[in-house]
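Position 11 of the sequence shown, counting from 1, maps to 10 under our numbering, and the rest follow consecutively.
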Amino acid sequence: MTERPTGFDTDLVEMITREVSLDPSIVIEPDTDLLLTGLVDSLGVVEIVGWIEDRLGLSVDPADVVLEHFQTVRLMLDYLDRRLAG
């Protein structure tokens with residue numbers, strides 16, 4: 000796979016809101032800081048990584064699970080685009 004499936008970004012936001020967010024009433028935008036706002040905790044990040052791996056068939060290296068890649072939805076998508084590109 001060289002690119003994200005159509006609608007993946009929307010599915011990711013829906014998954015975070017429905018299954019991981021500690022406050023599902025807050026609308027998550029691409030640049031919403033998920034960690035510093037407390038919307039997602041460390042266990043939530045693990046759940047997001049597992050969902051991404053299952054959905055994309057991609058293995059996320061534990062060393063890549065850092066704030067710079069998982070702080071916002073946009074950063075996650077940028078990281079995944081780089082990984083999928085090669």
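All C-beta atoms, glycine included, are put in the ideal place defined by N, C-alpha and C.
E89, DSSP secondary structure in three states
The structure shown does not extend to residue 89, since the chain spans only 0 to 85, so no value can be given for it.
Rounded to a whole number of angstroms, what is the C-alpha to C-alpha distance between D10 and E52?
Within the sequence shown, numbered from 1, the residue matching residue 10 stands at position 11. Within the sequence shown, numbered from 1, the residue matching residue 52 stands at position 53. Taking the straight line from one Cα to the other gives about 14 angstroms.
Nearest to E2 by CA position, among I15, V65 and L55, is which residue?
Along the sequence shown, one-based indexing puts residue 2 at 3. Checking every option, the nearest Cα to that of E2 belongs to L55.
Hey, quick one: how far does the alpha helix (DSSP H) through S58 stretch, first residue to last?
The residue you call residue 58 lines up with position 59 of the sequence shown. Note, S58: premise wrong, no alpha helix (DSSP H); not H, not E.
Mapping the DSSP letters down to three states, classify V26 as helix, strand or coil.
Against the sequence shown, residue 26 aligns to sequence position 27. Coil, per DSSP.
Close beta carbons around R73, own chain, < 7 angstroms, minus the five adjacent residues each side
Numbered from 1 along the sequence shown, position 74 holds the residue referred to as residue 73. The answer, listed in chain order, is P29 and D30.
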